[in-house]
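Each remark here refers to the structure printed beneath this line.
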Amino acid sequence: MGFLQAFRLSVSAMFAKKLRSFLTMLGVIIGVFSVVALISLGQGATSLVTEQVQAIGSNLVIVNITGRGALTGLSLEEALELASRPGVSAIAPVLSGQATFKHQTQNVSASLEGVTPDYSAVRNHHIKYGRSLVAADLEHRQKVAILGSEVAQELFGEKPPLGAQIRINGNAFTVIGVLEEKGDGIGGTNDNKVLIPLTTAQRLLRNMNISALYIQAESPESVDRVVVSVEASLKQIFRDEEAFRVFNQADLLDTVSQVTGTLTLMLGGIAAISLLVGGIGIMNIMLVSVTERTREIGICKALGARKKDILYQFLIESAVISGTGGLIGLMLGQLAASLVNRFSDFPTAVTFQVAVLALAFSVGVGIFFGIWPANKAADLSPVEALRAQ
4 MGFLQAFRLS VSAMFAKKLR SFLTMLGVII GVFSVVALIS LGQGATSLVT EQVQAIGSNL
64 VIVNITGRGA LTGLSLEEAL ELASRPGVSA IAPVLSGQAT FKHQTQNVSA SLEGVTPDYS
124 AVRNHHIKYG RSLVAADLEH RQKVAILGSE VAQELFGEKP PLGAQIRING NAFTVIGVLE
184 EKGDGIGGTN DNKVLIPLTT AQRLLRNMNI SALYIQAESP ESVDRVVVSV EASLKQIFRD
244 EEAFRVFNQA DLLDTVSQVT GTLTLMLGGI AAISLLVGGI GIMNIMLVSV TERTREIGIC
304 KALGARKKDI LYQFLIESAV ISGTGGLIGL MLGQLAASLV NRFSDFPTAV TFQVAVLALA
364 FSVGVGIFFG IWPANKAADL SPVEALRAQ
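Positions 4 to 392 (our numbering) are the ones given, in order, by the sequence shown.
As structure tokens, this is what we get:
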């Protein structure tokens, strides 16, 4: 018996009892759908976080200053001195805090960041309109502000904010620019914040210490060298490694990949259990089918069908049922991923590798759980089979 003939007989048998065939493959449909949907969500999460990490800037080394013991922070002078370390292209110290921003009757609470002129270039922020901070703003502690897109929308709506006065914790500031919308990033939104000169922030927040440093390396190859150099310098200042943390984008991406990869595998494994349950259902129905078709098997053997022909037919029939269920589950998973993409900002996609793996696994489940029923059918004696009612 050739493959095509066995395949046609399998399809005919499946359509002869449509409802039972559908109920048999339902477990496989749910299993493949769950696996495809959850893996696409996991890959989407990885892609989203990767984009957010890359959006921070290029060739970045990030330093979080927590302080410890008598030394609770890093001064601006100490931070700027790190710019002379080998491999450093630019450095952007930041003093951050929360503040209330007011314009006329509108109020909004957002992040306040005291920064230097290099901040926009290092952090990959672009001015939508207006101007960036300049050295004179820091030198004279100017009360000027650059608004994130969300803050600008909250305070001014569609009105142009350039040149307008806002109050930050009760102090009057002039708006000199608005940032381009950047979306969410690591640690929260990039648009719900206001930038002011760092020296002005020190006076406003009554804090002379730096919260964080963003250091841009000259090239991807020099990032590790900059990390080592910066860590050595900070150890000399703080005498305690717990007072600061230095990491780069590669560290963030590795951590994210490990976490999302583990979650994807766990979720995919949980969903795969329903595939195994579906396989057990296929096995049970195939055993029933063997019992129902005992006389048919006997006739086939009496007409010259070999043992391997019967085995072949029932294995293909089991694989066709599970493969069809896998194909339906794959299409439903693709539909679910498309709907998530359409109605949310979360990126999901069913990759070619995932589709092939899901179909291959579903067919494999059908073949594995079809071996026992197929063997049982192939081992039937023609004489005993023909006597069956």
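C-beta atoms are modelled at their ideal positions from N, C-alpha and C, and glycine is treated no differently.
- Per DSSP, Gln252 lies in no beta strand (DSSP E); the unbroken alpha helix (DSSP H) holding it starts and ends at 252-295.
- Collapsing the DSSP output to three states places Lys21 in a helix.
- Under the three-state reduction of DSSP output, Asn378 falls in the helix class.
- Cβ atoms of Gly329 and Ala361 come within 8 Å of each other, at about 6 Å.
- Closest in C-alpha terms to Lys196, from the list Val181, Thr203, Gln205, comes Val181.
- Taken through DSSP and simplified to helix, strand or coil, Asn344 comes out as helix.
- Three or more pairs of CB atoms, one per stretch, sit closer than 8 Å, so the stretch 266-286 contacts the stretch 372-382.
- The alpha helix (DSSP H) runs lying completely inside the stretch 75-131 and spanning 4 residues or more are 79-84, 122-125, given in chain order.
- Residue environment for Pro89: exposed (fewer than 16 other C-beta atoms within 10 angstroms of its C-beta).
- When Ile171, Leu198, Thr351 are compared, the shortest CA-CA separation from Ser50 is found for Thr351.
- Val125 sits close to Gln219, with the two beta carbons spaced by under 8 Å.
- Along the length of the stretch 310-369, whole alpha helix (DSSP H) runs at least 4 residues long occupy 310-346, reported in chain order.
- Per DSSP, the beta-bridge partners of Pro200 are Val118.
- Pairing Phe241 with Pro96, the inter-Cα distance amounts to about 17 Å.
- By the neighbour-count definition (other C-beta atoms within 10 Å, threshold 16), Gln205 is a buried residue.
- For Leu150 against Pro164, the beta-carbon gap comes to about 6 Å, under 8 Å, which counts as contact.
- In the structure shown, the three-state DSSP call for Gly133 is strand.
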